[in-house]
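Below: the structure, in structure tokens.
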Amino acid sequence: MSYFNKKSFTMRQVIGLLTIVFLGIAVIAYTASIPNTFSNGQTISSDAVNQNFQALADAINTGDVACPSSMVRSGSVCIDKYEASVWETTNAALIVKIKAGTATLAELQANATQRGASSDDYGAGCPDTANGCKDFYAVSISGVTPSRYITWFQAAAAARNSGKRLPTNQEWQAAALGTPDGAPCIVSAGGPGVTGTAGCVSDVGAFDMVGNLSEWVADWVPFSTACPGWGGFSDDYMCFSGASTTATGPGALLRGGSWGAGPNAGVFAVYGYYYPTDSFIYIGFRCVR
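Numbering (my numbering), first residue to last: 2 to 290.
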């Protein structure tokens with residue numbers, strides 16, 4: 002594919018053309034191997050420019066890019082290393098760092114307010130519908146109580162504002178595999194622990210995908226009415242059966258089980274009987290990009 006048909010470019014033109022691409026990639030903390038480097042004053046062929054653009058396009062399309070340090074690679078996506086904490090802020094410099102996945106806890110605490118850690122305090126700025134929820138950002142960071150009391154809509158908005166989205170059910174499942182089924186994951190406690198439980202980590206390096214908080218995923222399904230379980234395959238909850246014909250809304254899938262699910266928490270735990278409007282003390286989320 003040829004992006005440009007000019008025979009040559011000046012260095013100033015190349016800088017202008019590439020700045021947009023490089024800035025966009027820097028914001029989302031992607032890196033790729035660029036085949037050609039240029040020096041000031043050099044006249045550059047269109048072939049060389051096209052090779053660089055093609056390398057960037059190939060890296061993005063194939064997922065052959067580095068994830069931010071707050072995320073881990075799982076197949077073709079980057080998934081949050083930690084359950085999300087939601088921060089309210091209008092600080093432009095901090096927002097850039099949040100979107101790049103480089104904000105520190107000290108920076109967040111100095112320039113933002115965490116919401117949903119101990120109560121449903123999202124307020125009028127981010128109602129249950131998430132309409133107008135523009136200043137609330139999902140952050141993957143260790144050592145904080147993950148945000149909860151959150152509807153599917155609020156979680157989707159906070160993910161969107163951070164340049165991310167909720168994982169699909171398949172993406173969540175693939176990233177969760179290998180997480181211990183029980184201790185040291187927090188499955189029998191009186192409340193959630195802070196993010197990054199030692200030893201409760203999946204094969205790809207994501208923490209707390211079992212226990213702590215049950216996590217919204219992107220998928221909606223007919224509202225489930227039964228929990229027949231997995232039979233001999235697993236003792237994890239399987240509440241994804243018996244589609245309702247009278248429910249007043251769809252079910253939004255929750256995964257993993259929470260701090261009180263005991264042996265029924267696990268990488269195969271799935272619930273289809275929660276409305277996307279529900280917000281409970283044990284419901285949280287994480288994001289992908």
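C-beta: ideal position from N, C-alpha, C; glycine also.
Pairwise C-beta distances place the region 156-171 out of contact with the region 200-208, as fewer than three of them are shorter than 8 Å. Shown here for S119: same chain residues with a beta carbon closer than 8 Å to its own, the five before and five after excluded, namely T146 in chain order. Annotated three-state conformation of W231 is coil, per DSSP. For P229, same chain residues with a beta-carbon under 7 Å away, outside a window of 5 residues either side, are M239, S242 in chain order. Per DSSP, E216 is one residue of the beta strand (DSSP E) stretching across 215-222. Within the region 95-134, the runs of beta strand (DSSP E) at least 3 residues long that lie entirely inside it are, in chain order, 114-116. Selection Q155, C68, G102 evaluated against A125 yields Q155 as nearest (Cα-Cα). The distance from the Cβ of L214 to that of E84 is about 6 Å, consistent with a contact at the 8 Å cut-off. A straight line joining the alpha-carbon of D237 with that of D220 spans about 19 Å. Taking the CA atoms as reference points, S225 sits about 43 Å from A111.
Here DSSP, grouped into helix, strand and coil, assigns W153 to helix. In the DSSP assignment, F286 is bridged to W217. Look at S47 here: in three-state DSSP terms it is helix. Bridge pairing for A85: S141 [DSSP]. Per DSSP, the continuous beta strand (DSSP E) segment holding A253 begins and ends at 252-256. Counting only the Cα atoms, S47 lies some 54 Å from Y275.
G192 and L106 have their C-alpha atoms roughly 22 Å apart. Rounded to whole angstroms, G258 and G212 show a C-alpha spacing of 5 Å.
CA-to-CA, the gap between R149 and S280 works out to about 8 Å. Cβ contact annotation for A244 (same chain, cutoff 6 Å, sequence separation greater than five): P223, in chain order. C-alpha of R290 to C-alpha of P251: approximately 25 Å in a straight line.
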